[in-house]
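The structure appears below as structure tokens.
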Amino acid sequence: MGLRDALVALRAERRADDVVVSAMGAAREWMGLGTHPLDWVFVPSSMGQATSLGLGLALAQPRRRIIVLNGDGSTLMNLGSLVTITAEQPGNLVLLTFDNGVYEVTGAQPTPGAAGGRQAGDRVDYVALAGACGFRSTFHFTTLPEWLAGARRVLDATGPTFALLDVAPVPGARGPRSPGPTGERARRFMAALGPRGELGIDHPRRPG
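In our numbering, the protein residues as written are 1 to 208.
Below, the structure is given as structure tokens:
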């Protein structure tokens, strides 16, 4: 399936109060579909850290659904975050991993998880990996019709949720450009989130 088509389907199912964190190729395509106050485009960023940011948001804003748009290359950069996520068991976190088998924005080199990047010619089973880490709901979609039929089921599943979507690489794709100064975007994003006491949790003050 095409990455943009998959994201269009997600956009149709997104609730107004959902937070969407996007990175790398997914961020490029997501920004092209429009903007939303609760979008956080993780650019510039350390590759792979969108899952960690999503976990932090899910814990701080437990009444909101947090959707992370990640790639297979970014997932490989921070596999440990899958274990950390399941240690905390945030029921409101949905991790969507778009697997195109390549590091697209650096020249389409095969990832070590794809058949083209492995001596044995096999493919890493990210869904089995997520299940072994302890994700409560896991899904795998190989075609756009499957995803169109199943997107709402993924978003409404008991979390933490992991879904793998097989997507085609975008030939000649460039990396995403930051939509503006990070500090300014962060202030607007935090304002859109509102106080933690309003849609999240108030942490007790430490004594002293």
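Note that CB positions come from ideal geometry on N, CA and C, so glycine has one too.
Keep in mind that this is a model prediction, so the values were computed, not measured.
**Asked** Where are the alpha helix (DSSP H) runs, 4 residues long or more, that stay fully inside the region 12 to 99, in chain order?
**Response** Taking 4 residues as the minimum length, the alpha helix (DSSP H) runs contained wholly in the region 12 to 99 are 24 to 31, 50 to 60, 72 to 77 and 80 to 88, in order along the chain.
**Asked** Do the region 21 to 36 and the region 62 to 73 make contact, defined as three or more Cβ pairs closer than 8 Å?
**Response** Cβ pair count under 8 Å is three or more, so yes.
**Prompt:** Less than 8 Å separating the beta-carbons of Val154 and Leu3?
**Reply:** In this structure, Val154 lies away from Leu3, with their beta-carbon atoms at least 8 Å apart.
**Three CB pairs or more closer than 8 Å across the region 54 to 63 and the region 91 to 98** = Flag = yes, the region 54 to 63 and the region 91 to 98 touch.
**Identity of the residue in Phe141, Pro181 and Pro179 nearest Ala163 by Cα** = Nearest of Phe141, Pro181 and Pro179 to Ala163, Cα basis: Phe141.
**Asked** Once you ignore the five residues that flank Thr84 on each side, which residues in its own chain have a CB closer than 8 Å to its CB?
**Response** Excluding positions up to five away in sequence, the list reads Ser52 and Leu55.
**Contiguous alpha helix (DSSP H) assignments of at least 4 residues, all confined to the region 128 to 174** = List check, alpha helix (DSSP H) in window: 144 to 156.
**Prompt:** If you draw a straight line from the C-alpha of Pro181 to the C-alpha of Pro160, how long is it?
**Reply:** Rounded to the nearest angstrom, the two C-alpha atoms are 31 Å apart.
**Prompt:** Between the C-alpha atoms of Met31 and Ala60, what's the straight-line distance to the nearest angstrom?
**Reply:** Going from the Cα of Met31 to the Cα of Ala60 covers about 24 Å.
**Request:** Just tell me which of Tyr126, Pro110 and Val127 has its CA closest to the CA of Gln119.
**Result:** The closest CA to that of Gln119, considering only Tyr126, Pro110 and Val127, is found on Pro110.
**Prompt:** Between Leu129 and Ala173, what straight-line distance do the alpha-carbon atoms span, to the nearest angstrom?
**Reply:** One C-alpha to the other measures close to 28 Å.
**Asked** Less than 8 Å separating the beta-carbons of Val8 and Arg14?
**Response** Their beta carbons are not under 8 Å apart, which means Val8 does not touch Arg14 by this criterion.
**Item:** Residue nearest to Leu193 in terms of C-alpha spacing, selected from Cys133, Arg63 and Arg136
**Value:** Of the candidates Cys133, Arg63 and Arg136, Arg63 places its Cα closest to the Cα of Leu193.
**Asked** Is it the case that the Cβ atoms of Gly113 and Val124 are separated by a distance below 8 Å?
**Response** Contact flag set, yes.
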